[in-house]
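**Student:** Would you mind keeping the following structure in view while I ask a few things?
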Amino acid sequence: MYHWTYQILFLRVEILIFIFTIFWENRVLKDAGFLIRS
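Note that this note's numbering has the sequence shown beginning at 749, numbered continuously upward.
Right, dumping it as structure tokens:
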């Protein structure tokens with residue numbers, strides 16, 4: 749039971765990190781493109 753809850757928590761953290769990484773990369777790429785244009 750405890751191991752199962754721990755696994756779900758770990759999976760949630762992994763998904764959050766994955767979403768945050770994609771969001772951050774998109775933001776950095778947009779900023780870089782803006783800097784290159786100007």
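Glycine included, each C-beta is placed from N, C-alpha and C at the ideal position. This structure is a prediction, so every number in the text was calculated from the model and none was measured.
Apart from the five residues on each side of it in sequence, which residues of its chain come closer than 6 Å, Cβ to Cβ, to residue 756?
**Tutor:** Taking the sequence shown and counting its residues from 1, one reaches residue 756 at position 8. There are no such residues.
**Student:** Suppose you measure from the CA of residue 773 to the CA of residue 759; what does that come to, to the nearest Å?
**Tutor:** By 1-based counting over the sequence shown, the position of residue 773 is 25. By 1-based counting over the sequence shown, the position of residue 759 is 11. When rounded, the distance between both Cα atoms is 21 Å.
**Student:** Express the C-alpha separation of residue 770 and residue 779 in angstroms, rounding to a whole number.
**Tutor:** Within the sequence shown, residue 779 is the residue found at index 31, counting from 1. Within the sequence shown, residue 770 is the residue found at index 22, counting from 1. Approximately 14 Å between the Cα atoms of the pair.
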